[in-house]
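Student: Numbering (the numbering used here), first residue to last: 1 to 399.
One structure is given below, represented as structure tokens, and several questions about it will come after.
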Amino acid sequence: MKAYLLTCLSLIICIQLHAQNHEESNYEESKVPAYTLPDVLKSSDNKTIKNKKAWEKIRRPEVLTLFEDNIYGQVPKSFEDIRFSVLSEDKSSMNGKAHRKDVLIEVSNQNKSVRINLVLFTPNKAIKPSPAFLLINNRGKENTDPSRKIISEFWPAELVIDAGYAIAAFHVSDLAPDNKAEFMNGVMQLYPEQLSADNGMRAIGAWGWGASRVMDYFVTDPQINAKKVALTGHSRGGKASLWAAAQDQRFAICITNCSGSTGAALARRQFGERVRRINTSFPHWFNTNYKKFNDHEELLPVDQHMLISLIAPRPVYATNASEDLWADPKGTFLSLKNAEDVYGLYGLKSKLPEVPPGLNYPVIESPLAYHNREGKHDMTVYDWKQFIRFADYHFGRGK
Ligand code: GTR
1 MKAYLLTCLS LIICIQLHAQ NHEESNYEES KVPAYTLPDV LKSSDNKTIK NKKAWEKIRR
61 PEVLTLFEDN IYGQVPKSFE DIRFSVLSED KSSMNGKAHR KDVLIEVSNQ NKSVRINLVL
121 FTPNKAIKPS PAFLLINNRG KENTDPSRKI ISEFWPAELV IDAGYAIAAF HVSDLAPDNK
181 AEFMNGVMQL YPEQLSADNG MRAIGAWGWG ASRVMDYFVT DPQINAKKVA LTGHSRGGKA
241 SLWAAAQDQR FAICITNCSG STGAALARRQ FGERVRRINT SFPHWFNTNY KKFNDHEELL
301 PVDQHMLISL IAPRPVYATN ASEDLWADPK GTFLSLKNAE DVYGLYGLKS KLPEVPPGLN
361 YPVIESPLAY HNREGKHDMT VYDWKQFIRF ADYHFGRGK
């Protein structure tokens, strides 16, 4: 009887919680609260930033620290050792079109090490080092199958190779397993002090850190043009791609696909997934300080347009999908729009329209690019085709 009552009680609590979660999320534009974004071009001592020199010297470092302290956590820069080894390779994979290398990247610090397994294909038709796409893979490893027995739309490697790019991927679990009980069993072991710091690194930071270690490898590989690497990620991987590109200026392009809350979408709109929700469902993604902003997005000293601004003058492409209101398509577009001023300091003019473009209407020939694809929360061949066009344009490979 007691057990029965307990089961009933927990069921009622579950139903209530679910209803609450649902209520918590707003999907109506008319219910978006009035908000004022923090001014990306106003320094902490209230000076207006008027040129790129002042941006780079004063404001950019300030904004980077605000994101570290309040959201993503510190990014450890040093380690004792890094080693690269090619575990296996196939010079004529994809029917002779590509050279595959399985690269092991081993990083050690404080007597601990982490092993990043990189899957890499380079185009055999290349006569020069190839520009590359790197994916932070947050889905199953089968999506980046090195044997190409499984071909996934999430990582259409053949398409990218045909376009003349190298394509690479690593899996987030190599850096930090994606759950609150195990995320510390990876990079965090190399930096144990991070765990107790309120602004310590967490899973998203660890995945971004991994992307930088792959870049450390790219600069040593003569088949790769490390000056032309586009970092991509979907959803939680897209949050990590933005943070990694903000931190590591060696990434020439950043692509963030359906990244939503604490990715490319503005927090202050409180549309779709909110800060409390993300911190509750995924307490291991962001630092401890971020929890202070549960239900208080308006108190954040930053908003996500400032994360995009940190990537300037490098091109950023953000996307959404029409059925993915959880990731706030309009808030993503507005985030890009509000980063335009910083790109302007570099003399770069965004071609984004004043209001979000229609569905399947990519705006590509712009340092700040955007599309809202018809369909679900996903990364598809349609998305990748636009990413290739974007890279072609910015890397001067356009026809
Ligand atoms: C959702 C989460 C989003 C997004 C997504 C994903 O459950 O609420 O922030 O990251 O997962 O990664 O697919």
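We put the CB at the ideal spot given by N, CA and C, even for glycine.
Treat the numbers as computed from the prediction; the structure is a model and nothing was measured.
Grab the span of the alpha helix (DSSP H) containing residue 211 for me, first residue to last.
Tutor: 203-218
Student: Just verifying my parser: in three-state terms, what is the DSSP assignment at residue 319?
Tutor: Here DSSP, grouped into helix, strand and coil, assigns residue 319 to strand.
Student: Taking contact to mean at least 3 C-beta pairs separated by less than 8 angstroms, is the stretch 243-260 in contact with the stretch 318-336?
Tutor: In short, these stretches touch, since the Cβ pair count reaches three.
Student: In angstroms with no decimal places, state the Cα-to-Cα distance between residue 157 and residue 169.
Tutor: For residue 157 and residue 169, the distance between alpha carbons rounds to 10 angstroms.
Student: Run through the DSSP bridge pairs and tell me what residue 254 is partnered with.
Tutor: 231 and 316
Student: Give a single yes or no on whether residue 273 has its beta carbon closer than 6 angstroms to a heavy atom of the ligand GTR.
Tutor: yes
Student: Leaving out the 5 sequence neighbours to the left and right, which residues in its chain are closer than 6 angstroms to residue 239 when beta-carbon positions are compared?
Tutor: 204, 259, 262 and 263
Student: Cα-Cα, which of 89, 227 and 242 is closest to residue 71?
Tutor: 242
Student: Given this structure, state the Cα-to-Cα distance separating residue 151 from residue 145, to the nearest angstrom.
Tutor: 7 angstroms
Student: Between residue 411 and the rest of its own chain, which residues show a CB-CB distance below 8 angstroms, the 5 nearest in sequence each way excluded?
Tutor: Limits of the chain in this structure are 1 at one end and 399 at the other, which puts residue 411 out of reach.
Student: Would DSSP call residue 290 helix, strand or coil?
Tutor: It is helical.
Student: Expressed to the nearest angstrom, what Euclidean distance is found between the alpha-carbon atoms of residue 29 and residue 271?
Tutor: Taking the straight line from one Cα to the other gives about 8 angstroms.
Student: Would you say residue 255 and residue 230 are within 7 angstroms of each other, going by their C-beta atoms?
Tutor: yes
Student: Mind checking which residues open and close the alpha helix (DSSP H) that includes residue 297?
Tutor: Segment: none, residue 297 is in no alpha helix (DSSP H) and carries neither H nor E.
Student: Secondary structure at residue 376, three-state DSSP: helix, strand or coil?
Tutor: The answer is coil: DSSP assigns residue 376 none of H, G, I, E or B.
Student: By how many angstroms is the C-alpha of residue 368 removed from the C-alpha of residue 347?
Tutor: 13 angstroms
Student: Using the Cα positions of residue 58 and residue 377, report the straight-line distance between them to the nearest angstrom.
Tutor: 38 angstroms
Student: Below 7 angstroms between beta carbons: does that hold for residue 341 and residue 37?
Tutor: no
Student: Can you give, in chain order, each stretch of the beta strand (DSSP E) that sits fully within the stretch 8-93 and has at least 3 residues?
Tutor: 81-93
Student: Using alpha carbons as the reference points, say which of 362, 394, 269 and 395 lies closest to residue 383.
Tutor: 362
Student: If we call anything under 7 angstroms between Cβ atoms a contact, is residue 93 one with residue 100?
Tutor: yes
Student: Does the beta carbon of residue 152 fall short of 6 angstroms from some heavy atom of the ligand GTR?
Tutor: no
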